[in-house]
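Converting from the sequence shown to this note's numbering requires adding 96 to each position, the first position being numbered 1.
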Amino acid sequence: MTLNAALRLLAGSVILISLALGTYVNPAWYYLTGFVGLNLLQSGFTKWCPAITVFRMLKLKEQTCATGMSVHQGVHIIAGAAVLITVSAFMFFAAPQWVLYITAVVGASLLQSAFSGWCPAFTVASLLGFKKAV
97 MTLNAALRLL AGSVILISLA LGTYVNPAWY YLTGFVGLNL LQSGFTKWCP AITVFRMLKL
157 KEQTCATGMS VHQGVHIIAG AAVLITVSAF MFFAAPQWVL YITAVVGASL LQSAFSGWCP
217 AFTVASLLGF KKAV
């Protein structure tokens with residue numbers, strides 16, 4: 097498993113679990129969902145988050161591109177922005193609860209992409225000009 101796949105697996109899992117906990121246990125769990133979105137967004141620009149440090153210690157293969165931003169960074173930016181926007185809209189701007197379905201779809205997409213190697217955000221990131229990682 098590559099470092100980026102492990103990060104998507106972790107992020108997707110935490111998004112889905114925190115959404116379930118926020119819905120059925122306590123709405124404060126949505127803050128964890130938002131934190132994951134923020135972390136994905138910033139890791140798309142900086143190539144770093146706490147989980148990446150752990151995955152590097154586990155010697156997971158890192159995929160990068162020689163110039164520009166990789167498609168994996170694009171996926172992190174797209175997914176992080178979508179999660180952050182939808183959770184913030186629900187928590188702070190009284191958006192209807194169905195917007196969290198979008199968050200759940202993003203989480204599920206990240207989770208399955210760790211195994212399949214593809215999600216819709218890969219195509220969008222490629223179309224936006226992000227480079228294929230090697």
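In this text, a Cβ means the ideal position worked out from N, Cα and C, and glycines have one as well.
Between M97, L105, K228, F189, which has its C-alpha nearest K157's C-alpha?
In this structure, M97 is the residue among M97, L105, K228, F189 with its C-alpha nearest to the C-alpha of K157.
Would you be able to state if there are at least three C-beta pairs under 8 Å between the stretch 141-159 and the stretch 113-130?
Taking one beta carbon from each stretch, the stretch 113-130 and the stretch 141-159 have fewer than 3 pairs nearer than 8 Å; the two do not touch.
Among L207, P123, A217, T160, which one has its Cα closest to the Cα of A178?
If you compare the alpha carbons of L207, P123, A217, T160 with that of A178, the shortest gap goes to A217.
Shortest alpha-carbon distance to I232 belongs to which of Q193, L136, C145?
Look at the range of the chain in this structure, 97 to 230, and you will see that residue 232 is not part of it.
In angstroms, rounded to a whole number, what distance separates the CA positions of C215 and M187?
In this model, C215 and M187 are separated by some 27 Å (Cα to Cα).
Where does T98 fall in DSSP's three states?
Taken through DSSP and simplified to helix, strand or coil, T98 comes out as strand.
Go ahead and label S212 buried or exposed: buried means 16 or more other beta carbons lie within 10 angstroms of its beta carbon, across all protein chains shown.
Residue burial annotation: S212 is exposed, with fewer than 16 other C-beta atoms found within 10 angstroms of its C-beta.
State the Cα-Cα distance for the pair G170 and L106, rounded to the nearest angstrom.
In this structure, the straight-line span from the alpha carbon of G170 to that of L106 is close to 17 Å.
Test item: CB-CB of S209 and V167 under 8 Å:
Result no, Cβ atoms of S209 and V167 do not sit closer than 8 Å.
Determine the closest residue to A229 out of T219, Q159, S184, S205, with distance taken between C-alpha atoms.
Per the C-alpha coordinates, the member of T219, Q159, S184, S205 positioned closest to A229 is Q159.
Span separating the alpha-carbon of A204 from that of S109:
About 8 Å.
Please go through the stretch 135-179 and give each complete alpha helix (DSSP H) segment of 4 or more residues, from N-terminal end onward.
Taken in chain order, the complete alpha helix (DSSP H) segments of 4 or more residues contained in the stretch 135-179 are 146-153.
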